[in-house]
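As given, the protein sequences belong to chains A and B, one line each in that order.
Just so you know, our numbering puts 202 at position 197 of the first sequence, and the rest follows in order with no gaps.
Just so you know, our numbering puts 131 at position 126 of the second sequence, and the rest follows in order with no gaps.
No residue lacks a Cβ here, since even glycine has one placed at the ideal position from N, Cα and C.
2 protein chains.
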Amino acid sequence: MENLYVIKIGGNIVDNPALLTECLAAFAKIKGQAILVHGGGKLATSLAANLGVEQTMVEGRRITDAETLKIVTMVYAGYINKNIVATLQSLKVNAMGLTGADGNLIKAHKRVHASIDYGFVGDVDEINVGLIQKLLAENIRLVIAPITHNGEGQVLNTNADTIAQSIATGLAGSYQVHLIFGFEKEGVLLDVDVPSSLIKHINEPSYQKLKADKVIFEGMVPKIDNAFKALDNGVKSVIIGSAEKMNELINGTTGTTITKT
Amino acid sequence: MENLYVIKIGGNIVDNPALLTECLAAFAKIKGQAILVHGGGKLATSLAANLGVEQTMVEGRRITDAETLKIVTMVYAGYINKNIVATLQSLKVNAMGLTGADGNLIKAHKRVHASIDYGFVGDVDEINVGLIQKLLAENIRLVIAPITHNGEGQVLNTNADTIAQSIATGLAGSYQVHLIFGFEKEGVLLDVDVPSSLIKHINEPSYQKLKADKVIFEGMVPKIDNAFKALDNGVKSVIIGSAEKMNELINGTTGTTITKT
Numbered sequence: 006m007e008n009l010y011v012i013k014i015g016g017n018i019v020d021n022p023a024l025l026t027e028c029l030a031a032f033a034k035i036k037g038q039a040i041l042v043h044g045g046g047k048l049a050t051s052l053a054a055n056l057g058v059e060q061t062m063v064e065g066r067r068i069t070d071a072e073t074l075k076i077v078t079m080v081y082a083g084y085i086n087k088n089i090v091a092t093l094q095s096l097k098v099n100a101m102g103l104t105g106a107d108g109n110l111i112k113a114h115k116r117v118h119a120s121i122d123y124g125f126v127g128d129v130d131e132i133n134v135g136l137i138q139k140l141l142a143e144n145i146r147l148v149i150a151p152i153t154h155n156g157e158g159q160v161l162n163t164n165a166d167t168i169a170q171s172i173a174t175g176l177a178g179s180y181q182v183h184l185i186f187g188f189e190k191e192g193v194l195l196d197v198d199v200p201s202s203l204i205k206h207i208n209e210p211s212y213q214k215l216k217a218d219k220v221i222f223e224g225m226v227p228k229i230d231n232a233f234k235a236l237d238n239g240v241k242s243v244i245i246g247s248a249e250k251m252n253e254l255i256n257g258t259t260g261t262t263i264t265k266t
Numbered sequence: 006m007e008n009l010y011v012i013k014i015g016g017n018i019v020d021n022p023a024l025l026t027e028c029l030a031a032f033a034k035i036k037g038q039a040i041l042v043h044g045g046g047k048l049a050t051s052l053a054a055n056l057g058v059e060q061t062m063v064e065g066r067r068i069t070d071a072e073t074l075k076i077v078t079m080v081y082a083g084y085i086n087k088n089i090v091a092t093l094q095s096l097k098v099n100a101m102g103l104t105g106a107d108g109n110l111i112k113a114h115k116r117v118h119a120s121i122d123y124g125f126v127g128d129v130d131e132i133n134v135g136l137i138q139k140l141l142a143e144n145i146r147l148v149i150a151p152i153t154h155n156g157e158g159q160v161l162n163t164n165a166d167t168i169a170q171s172i173a174t175g176l177a178g179s180y181q182v183h184l185i186f187g188f189e190k191e192g193v194l195l196d197v198d199v200p201s202s203l204i205k206h207i208n209e210p211s212y213q214k215l216k217a218d219k220v221i222f223e224g225m226v227p228k229i230d231n232a233f234k235a236l237d238n239g240v241k242s243v244i245i246g247s248a249e250k251m252n253e254l255i256n257g258t259t260g261t262t263i264t265k266t
């Protein structure tokens, strides 16, 4: 089977024009099939502040109300997505930017939670694998914004890590899928302030120990949980590391590689 | 050859949720291949006002400066485009929303003008006909936002009528293309305030007379010029009329049909 790289880049990359440019240049150099999933970044937050749209937090979680949804749809699917696509086109990558609504790419449902109404937040139900395969066959590189839809006319704000994991998993039957989480650090670090403390390899037993020792905590936990979910569902490898060193992550010379055993 | 309907809906439709809903329901009922091109509407103007971004006018023409470009990219390619796509998906239309940057769909150049710098405004150079044909063959209905790119990483604000005309023209060799300009009126009217004064048919000689008599003026002139340009380049028919009566426009029971002779 052909290799497919599903690469997620986080908000800290999207927010930093110099880092984003380097990262897209690296993406353009990847050989073979690749899909880019981008996060949101701070532009939506600052736009909301400029427009006087207050960000509602419930039990420490951000709520996507109707006005916030409008803003994230504009920023993620409009500004960020189209500028990434235009930059990639200038690098001779045939990029196409889509949300989950486009071609029914990612169907989701509004999050159901016992005590918190997250608002217009979507949890992924289904990936349109057939459409992705057809576009890949045309050598189109998809650039996916973290917006999905429910099939009933409602767009939904959706976690980009989960989208990347769901796409990687959905395509694991047709490609050798490598899921890469690119961010601003070298990978998973023993000491978050020391780049040289990179943990080169994590498997299930070592993950449990790193969690128990509080080396891995907060935002990294759902990221690595997503990684194991992908591996459990046929994804070949998951790599976490520096977004602008994508090709080094792919050839294994940097980053944290996660495997089951 | 198969029929293809290239339908442009204007800003006054996009701005009016009830009218837009009716219009998309009509679009969903069209038999055969169809492409929707949407205009911008007032949301970008009101967002600019809310953000304190002043609209610069030079010799009566609006200038797209960097901040305005950011706003129109967000509003047209993000909010408007994705909500239209999600609504069409709920109507079981396999819609996919694209800008000219996506898949290099529409290449343009920054407008060159002897005395006015329009800013980030694009004039269309080239349509990626092959990509459109492939997506049509997958029964995907494209929903195109009026944003193009220059191939060098720059997105550009582009007139939606011109995009519709360019796409219609580009596909005229492969389909029997019918170009429809949908707006809030019944068609071209002898008296702009009297819907029953609809002119059912315009050809080149009658257009010259209507222009000389000032029956056709202002914004309708470039629209009809675009219509004749399309007819000169192989488009089968051009129809101007009420956006929510799309199917009646197609079967000829309402609207103004434009032909060469």
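Determine which residues share a DSSP beta bridge with residue i and list them.
i, result
"S247/A", "F188/A"
"E27/A", "DSSP, once it has assigned bridges, lists no residue as partnering E27/A."
"V11/A", "I40/A, L184/A"
"S242/B", "H183/B"
"R67/B", "M62/B"
"I229/A", "According to DSSP, which records beta bridges pairwise, I229/A is partnered with nothing at all."
"A113/B", "V129/B"
"G158/B", "Bridge partners of G158/B: none, in fact."
"G124/A", "T69/A"
"I263/B", "I207/B, V243/B"
Taking the straight line between their C-alpha atoms, what separation do you get for residue i and residue j?
i, j, result
"L56/B", "M79/B", "13 Å"
"K97/B", "A100/A", "26 Å"
"S242/A", "L236/A", "7 Å"
"L152/A", "L41/A", "Here residue 152/A is Ile; the residue named in the question, Leu, does not match the sequence. One C-alpha to the other measures close to 14 Å."
"M290/A", "T69/A", "Residue 290/A falls outside the range modelled here, since chain A spans only 6 to 266, and no answer is possible."
"I132/B", "L110/B", "6 Å"
"R146/A", "F32/A", "10 Å"
"G124/B", "D196/A", "48 Å"
"I14/B", "L184/B", "11 Å"
"V199/A", "M6/A", "38 Å"
"N256/B", "D218/B", "30 Å"
"G158/B", "Q94/A", "7 Å"
"H206/B", "L215/B", "12 Å"
"E27/B", "T258/B", "18 Å"
"E143/A", "S201/B", "49 Å"
"H114/A", "I221/B", "49 Å"
Here's a check: name, in chain order, each residue in its chain whose Cβ is nearer than 7 Å to the Cβ of residue i, leaving out the five neighbours to either side.
i, result
"L203/A", "E191, G192, L194, T261"
"L52/B", "I76, V80"
"F231/B", "Checking the sequence, you will find Asn at residue 231/B rather than Phe. Here the set comprises D166, T167, Q170."
"R67/A", "Q60"
"I121/B", "V63, E64, R66"
Helix, strand or coil, according to DSSP, for residue i in the structure here?
i, result
"G175/A", "helix"
"N208/A", "coil"
"A91/B", "helix"
"I35/B", "coil"
"T167/A", "helix"
"M101/A", "strand"
"L96/A", "coil"
"E18/B", "Reading off the sequence shown, one finds Ile at residue 18/B, where the question assumed Glu. I18/B falls in the helix class under three-state DSSP."
"L195/B", "coil"
"V148/B", "strand"
"T153/A", "strand"
"K47/B", "coil"
"A235/A", "helix"
"E253/A", "helix"
"M6/A", "coil"
Whole-angstrom Cβ separation of residue i and residue j, contact assumed at under 8 Å?
i, j, result
"K112/B", "D128/B", "Incorrect: roughly 10 Å between the Cβ atoms, too far for contact."
"G175/B", "V134/B", "5 Å"
"A91/A", "V160/B", "5 Å"
"I89/B", "H43/B", "6 Å"
"I305/A", "F188/A", "Coverage of chain A is limited to positions 6 through 266, which leaves residue 305/A absent and any answer about it impossible."
"V63/B", "E72/B", "So it is not a contact: roughly 16 Å between Cβ atoms."
"G239/B", "A177/B", "3 Å"
"N162/B", "V126/B", "5 Å"
"E253/B", "L24/B", "At roughly 15 Å, the Cβ-Cβ gap does not stay under 8 Å, so E253/B and L24/B are not in contact."
Note down, in chain order, each residue of its chain lying with its Cβ closer than 8 Å to the Cβ of residue i, except the 5 sequence neighbours on either side.
i, result
"E209/B", "F233, K265, T266"
"T50/A", "Q60"
"K228/A", "D166, F186, I245"
"L213/A", "In the sequence as displayed, the identity of residue 213/A is Gln instead of Leu. Cβ neighbours of Q213/A beyond the five flanking positions: none."
Quick one: what's got a C-beta closer than 6 Å to residue i's C-beta in the same chain, skipping five residues either side?
i, result
"A150/A", "Y81, A82, N86, T104"
"L288/A", "Chain A is shown from 6 up to 266; residue 288/A falls before or after that span and cannot be answered."
"G46/B", "G16, V19, D20"
"N8/A", "G37, Q181"
"A173/B", "V11, V182, L184, A235, V240"
Taking residue i as the query, report the chain D residues whose CB atoms sit under 7 Å from its CB, ordered along the chain.
i, result
"Q94/B", "Protein chains in the displayed structure are A and B, and chain D is not among them."
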